[in-house]
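So the protein sequences, as listed, match chains A and B. So for the first sequence, the working numbering puts the first residue at 1; every next one is plus one. So for the second sequence, the working numbering puts the first residue at 239; every next one is plus one. Contents: one structure, followed by commentary.
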Amino acid sequence: MSEVTARQTTSPDAAFDLKAGQFLMPTLVIRDTDVAELERFLAEQVSRLPAFFDQAPIAIDLSGLQDRHELESFPMIVGMLRGHGMVPVGVRGASAEQKAQAQALELAVMPNVRKPPKPAASPAAGAPEPVRPMIVDAPVRSGQRVYARDADLILLAGVGSGAEVMADGHVHVYGTLRGRAMAGVSGDIAACIFCRGLEAELVSVAGRYRVSENLEDEHVGKAVQVSLSGDRLVFRTL
Amino acid sequence: MARIIVITSGKGGVGKTTTSAAFAMGLAERGFKTVVIDFDVGLRNLDLIMGCERRFVYDFVNVIQGEANVGQALIKDKRNPNLFILPASQTRDKDALTVEGVGQVLEKLAEEFEFIVCDSPAGIERGATLAMYFADDAIVVTNPEVSSVRDSDRMIGILSSKSRRAERNEEAIREYLLVSRYSPERVERGEMLSLDDVQDILSLDLIGVIPESQAILNASNAGIPVILDRDSSAGQAYGDVVARYLGEDLPHRFLTVEKKGLFGRLFGG
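So this is what it looks like as structure tokens:
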């Protein structure tokens, strides 16, 4: 029995590991098949930031072309990207025909992250949809992690010691914050942390952090807002 | 349909096995057919607390590996005909437990018993996660001190995400908090977290508070579940726990320092 378990888990000296990784990658969104226009657009972008595009992986998003199932200029677009030093790696938002084309061009078919834009949503249609915050109503327990990507995080109960809560936007804790809280984790310096009782192990805004040892006594246990002013974390009792 | 209850904590030495033994005995005393399983393979203790350490031939691991059937491994309690014990192996390790094996044994026991009490080992590894995986209810045992409270918090988080109920999207495990080794004197002196502090941090239904008591040590040494020591505060407190679990609404006892009268002082209470 123990042998089976040993084989199932990865031993530290294994020669190979299969791990999930995240990469930030520019995506070329194609809404029109005017190749000459695209060439002009690419030449301008690359001349502005040549280092950025050199040997850079790039994805091609075809979801804006949903009425065109076949795309004669597809190989030309891929060639154009390669000509500018980029390495096209995959497509997304492709129709079945376009997927077959992608296969022929040795491009990966990537999952659709967003739904193709609704035809009704013309630019004139008005205000952009607000980004909904992520709301968690149960206590965040020790060892648990919660991350609100591209959004605010609202926690209706407390955060236990040894728990981690993170958001690209603000972090609101309507309970006692005993664990770690990080706001603006993707670098938003305007993000804040709000809590009803500050007993945090660590608070951080856009990478500037303070550990519990360095919290002022006057803020401990109080309702506090933590924000960033210049390079310093500022604590304000609410 | 049997109800499966896990007694868990994360941290060791907080009173899981004492609680498992007392709780199982309490259910049996009320006439429910109950079995208590020791999941602490390799470091078993339940047999000692139950006073059956010299009576068994086969254990939980033998059953899982098909070397014995459940009936052969179950030990009947000497004191109560409703209570059975399934002891752990001391010579194997926790890798001997498998999800399928444990599931099959529990399924078999569920045909015969009304309550299945699982005594979880400490830690958050295999033994502990398997003990809670099939649970319907969980009693999280905590001592009133910070490390125990934090470990319990971690355990509650695991309960809500890694159980079969969570995986199948069924109704969540009912979780109860049991605070053991509570000493009102030491709380008053500020040496221990108060009940309010513990509840504030864990925010869980309180099923009972077991006072620190010499009776627990005596009972363990004698191999008698402390709930049978009806004169002791700890025994009575466990009695209340069982009653509350079965739906009775009782006030919590033994939470304040008892002022000893003159006679008490003279004769040591």
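We treat Cβ as the ideally placed atom computed from N, Cα and C, and that holds for glycine. What you are looking at is a predicted structure, and each value in this text was computed from that prediction instead of being measured.
Under 7 Å between the Cβ atoms of residue i and residue j?
i	j	result
B/D374	B/I242	yes
B/F298	B/L324	yes
B/T494	B/P422	yes
B/G361	B/F277	no
B/N320	B/T255	no
B/A453	B/A475	no
B/I287	B/A262	no
A/R107	A/V91	The sequence shown places Leu at residue 107 of chain A, not Arg. Cβ distance < 7 Å, so A/L107 and A/V91 count as in contact.
B/I354	B/A240	yes
B/V301	B/V308	yes
B/D389	B/G250	no
A/G179	A/E201	yes
B/R282	B/A326	yes
A/V35	A/S73	yes
B/M393	B/V244	no
B/P449	B/F492	yes
B/F270	B/E350	no
B/D478	B/L488	yes
Measure how close the beta-carbons of residue i and residue j come, nearest whole angstrom, since I'm counting them as under 8 Å.
i	j	result
B/T246	B/A376	6 Å
A/G181	A/I193	Reading the sequence as shown, one finds Ala at residue 181 of chain A and not Gly. Right, their Cβ atoms sit about 5 Å apart.
A/R210	A/L233	5 Å
A/G175	A/L155	7 Å
A/G207	A/L177	That pair is no contact at about 19 Å.
B/G214	A/S142	In this structure chain B extends from 239 to 507, so residue 214 of chain B is not present and cannot be described.
B/N381	B/R419	5 Å
A/Q55	A/V87	6 Å
B/V252	B/S470	Wrong, their Cβ atoms sit about 19 Å apart, outside the cutoff.
A/D168	A/V185	6 Å
B/V378	B/D331	Not a contact, Cβ separation roughly 25 Å.
B/V274	B/D357	6 Å
A/V140	A/V171	With a Cβ gap of about 11 Å, A/V140 and A/V171 do not count as contacting.
A/G64	A/I30	6 Å
A/A191	A/V205	6 Å
B/G304	B/G461	About 30 Å separates the two Cβ atoms, so there is no contact after all.
B/V384	B/L431	7 Å
A/E213	A/F235	In fact, because the Cβ distance is near 14 Å, the residues do not count as touching under 8 Å.
For the alpha helix (DSSP H) containing residue i, list its first residue and its last residue.
i	result
B/G477	S471 to Y483
B/E426	P422 to E426
A/D75	Looking at the sequence shown, residue 75 of chain A is not Asp but Pro. Element bounds for A/P75: F74 to G83.
B/A453	Q452 to A460
B/E267	K254 to E267
B/D315	No alpha helix (DSSP H) holds B/D315; DSSP gives it neither H nor E.
A/I60	Not the alpha helix (DSSP H): A/I60 falls in the beta strand (DSSP E), residues P57 to D61.
B/A348	V337 to A348
B/A404	R402 to E405
A/S47	V35 to R48
A/M86	That residue, A/M86, is in no alpha helix (DSSP H); it is neither H nor E in DSSP.
A/A148	A/A148 -> not in any alpha helix (DSSP H); beta strand (DSSP E) instead, spanning R145 to A148.
B/D435	L433 to L440
Note the first and the last residue of the continuous beta strand (DSSP E) segment covering residue i.
i	result
B/D443	D443 to P449
A/S256	Not covered by the structure: residue 256 of chain A. The range shown for chain A is 1 to 238.
B/T380	D375 to T380
B/A369	Here B/A369 belongs to no beta strand (DSSP E); instead the alpha helix (DSSP H) covers R364 to Y371.
A/A183	R180 to A183
A/F235	R232 to T237
A/G175	V171 to L177
A/M166	E164 to A167
A/L198	I193 to L198
A/V29	T27 to V29
A/M134	M134 to V136
Quick check: does the Cβ of residue i come within less than 6 Å of any heavy atom belonging to the ligand COA?
i	result
B/T336	By its list of ligands, the structure shown contains no ligand whatsoever, and the ligand COA lies outside what it can speak to.
_When you compare the stretch 403-420 of chain B with the stretch 442-461 of chain B, are there three or more beta-carbon pairs, one atom per stretch, that lie closer than 8 Å?_
Put simply, the stretch 403-420 of chain B touches the stretch 442-461 of chain B. At least three CB pairs are less than 8 Å apart.
*Could you name the residues of the stretch 156-169 of chain A whose beta carbon sits closer than 9 Å to any beta carbon of chain B, in the order they occur along the chain?*
A157, G158, G160, S161, G162 and A163
*Evaluate contact between the stretch 47-66 of chain A and the stretch 77-93 of chain A, counting only Cβ atoms and requiring at least three cross-stretch pairs below 8 Å.*
yes
*For the 8 Å Cβ check, are there 3 or more pairs between the stretch 391-403 of chain B and the stretch 146-154 of chain A?*
no
*asked:* Counting only Cβ-Cβ distances shorter than 7 Å, please list the residues of the stretch 458-492 of chain B near chain A, keeping chain order.
replied: none
*asked:* Whether or not the stretch 336-347 of chain B and the stretch 218-229 of chain A are in contact is what I'm after, with contact meaning three or more pairs of Cβ atoms, one per stretch, closer than 8 Å; do they touch?
replied: no
*Contacting positions in the stretch 133-152 of chain A - beta carbon closer than 9 Å to chain B*: A138, P139, V140, R141, S142, G143 and Q144
*Selection of the stretch 280-294 of chain B by Cβ proximity to chain A, strictly under 7 Å*: none
*Give the residues from the stretch 365-396 of chain B that approach chain A closer than 9 Å (Cβ to any Cβ), ordered along the chain.*
V384, V387, R388, D389, S390, D391, R392, M393, I394, G395 and I396
*Where the stretch 422-440 of chain B meets chain A: residues whose CB sits under 9 Å from a CB there*: D438, I439 and L440
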